[in-house]
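Student:
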Amino acid sequence: MLVIEYKIKAKLHQYKAIDEAIRTAQFVRNKCLRYWMDAPKDAKINRFALNNYSTKLREEFSFVKQLNSMAVQASAERGWAAISRFYENCKNHQPGKKGFPRFQKDNRSVEYKTSGWSLHKTKRRISITDKKGIGELKLLGKWDIHTYPVKSIKRVRLVRRADGYYCQFVLDTEVKEQLESTGNLIGLDVGLEYFYTDSNGHTEENPRFLRKAEQAIKYAQRRIYKKEKGKNGRRKARKRFAKKHLRVTRQRNEHAKRLARCVIKSNDLVAYEDLSVRNMVKNHCLAKSISDAGWRQFRQWLEYFASKFERVTVTVNPQYTSQKCSGCGTIVKKSLSTRTHNCKCGCQLNRDENAAINILNLALQARGGHPRRNAVGVGVTTLVGETLLEQTLTLSTEYPAL
2 MLVIEYKIKA KLHQYKAIDE AIRTAQFVRN KCLRYWMDAP KDAKINRFAL NNYSTKLREE
62 FSFVKQLNSM AVQASAERGW AAISRFYENC KNHQPGKKGF PRFQKDNRSV EYKTSGWSLH
122 KTKRRISITD KKGIGELKLL GKWDIHTYPV KSIKRVRLVR RADGYYCQFV LDTEVKEQLE
182 STGNLIGLDV GLEYFYTDSN GHTEENPRFL RKAEQAIKYA QRRIYKKEKG KNGRRKARKR
242 FAKKHLRVTR QRNEHAKRLA RCVIKSNDLV AYEDLSVRNM VKNHCLAKSI SDAGWRQFRQ
302 WLEYFASKFE RVTVTVNPQY TSQKCSGCGT IVKKSLSTRT HNCKCGCQLN RDENAAINIL
362 NLALQARGGH PRRNAVGVGV TTLVGETLLE QTLTLSTEYP AL
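When we follow the working numbering, the leftmost residue of the sequence shown carries the number 2, and every step to the right adds one.
1. Taking the alpha helix (DSSP H) that residue 259 belongs to, which residues open and close that run?
2. Going by the CB atoms, is the gap between residue 180 and residue 268 shorter than 8 angstroms?
3. Would you call the region 323 to 335 and the region 251 to 259 touching, i.e. three or more CB-CB distances under 8 angstroms?
4. Which stretch, first to last residue, makes up the beta strand (DSSP E) that contains residue 353?
5. Along the alpha helix (DSSP H) that carries residue 54, what are the first and last residues, could you check?
6. What does the alpha-carbon distance come out to for the pair residue 276 and residue 305?
7. Per DSSP, what are the beta-bridge partners of residue 324 in this structure?
8. Which term fits residue 323, buried or exposed, when burial requires 16 or more other beta carbons within 10 angstroms of its beta carbon?
9. Which residue marks the beginning of the alpha helix (DSSP H) containing residue 225, and which one marks its end?
10. Can you tell me whether residue 24 is buried or exposed? The criterion is at least 16 other CB atoms within 10 Å of its CB, across all chains shown.
11. Grab the span of the alpha helix (DSSP H) containing residue 27 for me, first residue to last.
12. Out of 108, 97, 266, state which residue places its alpha-carbon closest to the alpha-carbon of residue 279.
13. Thinking C-alpha only, which one of 148, 30, 75 is nearest residue 117?
14. Where does residue 226 land, buried or exposed, given buried means 16+ other C-beta within 10 angstroms?
15. Please classify residue 293 as buried or exposed, where buried requires at least 16 other C-beta atoms within 10 Å of its C-beta.
16. Apply the 10 Å Cβ neighbour rule to residue 261 and answer buried if 16 or more other Cβ atoms are within range, or exposed otherwise.
17. Does the distance from the C-beta atom of residue 325 to that of residue 359 stay below 8 angstroms?
18. By the DSSP assignment, the alpha helix (DSSP H) with residue 70 in it spans what residues?
19. With a Cβ-Cβ cutoff of 8 angstroms, do residue 364 and residue 315 count as a contact?
20. Consider the C-beta atom of residue 249 and the heavy atoms of the ligand ADP; say whether any pair is separated by less than 7 angstroms.
21. Rounded to a whole number of angstroms, what is the C-alpha to C-alpha distance between residue 139 and residue 34?
22. Specify the secondary structure class of residue 8 as computed by DSSP and reduced to three states.
23. Quick one: Cα of residue 100 to Cα of residue 281, how far?
24. For residue 366, count the other beta carbons within 10 Å of its own beta carbon; 16 or more makes it buried, fewer makes it exposed. Which is it?
25. What is the rounded straight-line gap between the Cα of residue 166 and the Cα of residue 288?
26. Where residue 51 and residue 229 are concerned, what is the direct C-alpha to C-alpha distance, given to the nearest angstrom?
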């Protein structure tokens, strides 16, 4: 599964038509959620029931009928994705909140399936053929979609961001590449002082993109409240503020992708901790720094490139990886401020390097002491094997800097 993204160049009335299509998609999703909530207990509400209900919405509301029928169906599937995720969390006894479906108020995309759009013969323009009045859109970007047949395009998505509108093509194609074996094994310990420290002692600097841009972001936010509500000045100030946050998000994602690609291509086996970032950010003293580091994005890209290049990724339990001595296995208690590991056996290492060695040892134990070629690894999930709808919601695919 691959997502190719182009920026859209269009006229003002076309942008307004895209916004109307996005609002309609949000309306259909929310109506499907309300239909599920209000249904009797003995009623069986599933994906097909929501699809049938979306057809009734087309008959009841004229603005819904103007949207392509498959786009309406895709919006209903988004509602069912939220419901099925809630059911799955309850079934698996997920700790904490189960993710009860909520109504959406900030939807930024509308999705078409195999109809409602047509590519120009040059494949540099796309026409949206429903009755919303979007029309022909010019595609700007470096991706060459000519190398893929039109039949492999399973979904087309129009996305609104702070700096403009984008068109995404979801392609049903294999994203795999065979690499020669390097014979290298590595363990990674992520942190805040350094982005990660590997079992060879190498450290990667933590870029801290949000911290560096924080002063400019706060200034842009203050400028919003100095403008009068409802005026163009306030709208432009909000747009400038959103662009600064979008830039930080893209920097963080590109940094994680670049590092993950290099790590995977250089090693046959990569081991890392199975961290629960959701629980870690509950520490209000470190929440901003943990979020700024982007550990979750780094892990997602590691798993993606492991599947693409047919490498092995292994997750291990992070318990005692920092306290345990990598030389003799003795537990050496140390506080978070202690950055050096000293053991009675004579082992003296940086705290993070010691943890990275322990992570690698645990991964080798889980795999029987030697690496075996496996695109998925032990105890991890890859995004390539997910359904089209899950790809829609996560967008964990390889694309250039936006």
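Think of the CB as a built atom: it goes at the ideal place given N, C-alpha and C, for glycine as much as any other residue. As the structure is a prediction and not an experimental result, all values here were calculated from the model.
Tutor: Concretely, from the data shown:
1. In the DSSP assignment, residue 259 falls within the unbroken alpha helix (DSSP H) covering 233 to 267.
2. Contact: no.
3. Using a Cβ-Cβ distance cut-off of 8 angstroms, the region 323 to 335 and the region 251 to 259 are not in contact, since fewer than three pairs of beta carbons, one from each stretch, lie closer than that value.
4. First-last for residue 353: 352 to 367, but that is the alpha helix (DSSP H), not the beta strand (DSSP E).
5. If you look at residue 54, you'll find it in the alpha helix (DSSP H) that goes 48 to 61.
6. When the Cα atoms are used, residue 276 and residue 305 turn out to be separated by approximately 17 angstroms.
7. Looking at the DSSP assignment, residue 324 forms no beta bridge with any residue, so it has no partner.
8. Taking every protein chain shown into account, the CB of residue 323 has 16 or more other CB atoms within 10 angstroms, so this residue is buried.
9. Its alpha helix (DSSP H) spans residues 210 to 226.
10. Burial call: exposed.
11. Note, residue 27: alpha helix (DSSP H), 13 to 39.
12. With distances taken between Cα atoms, residue 279 lies closest to 97.
13. Nearest option by C-alpha distance: 75.
14. Counting the other Cβ atoms within 10 Å of the Cβ of residue 226 gives fewer than 16, which makes it exposed.
15. That one is buried.
16. Answer is buried; the Cβ neighbour count reaches 16.
17. Yes, the Cβ-Cβ distance between residue 325 and residue 359 is below 8 angstroms.
18. Its alpha helix (DSSP H) spans residues 70 to 92.
19. The criterion of a C-beta distance shorter than 8 angstroms is satisfied by residue 364 and residue 315.
20. As far as ligands go, the structure on display features none, and thus does not contain the ligand ADP.
21. Residue 139 and residue 34 have their C-alpha atoms some 35 angstroms from each other.
22. Residue 8: strand per DSSP, three-state reduction.
23. In this structure, the alpha-carbon of residue 100 lies about 18 angstroms from that of residue 281.
24. So residue 366 counts as exposed.
25. Their Cα atoms are separated by approximately 31 angstroms.
26. Straight-line spacing of the CA atoms in residue 51 and residue 229 works out to 42 angstroms.
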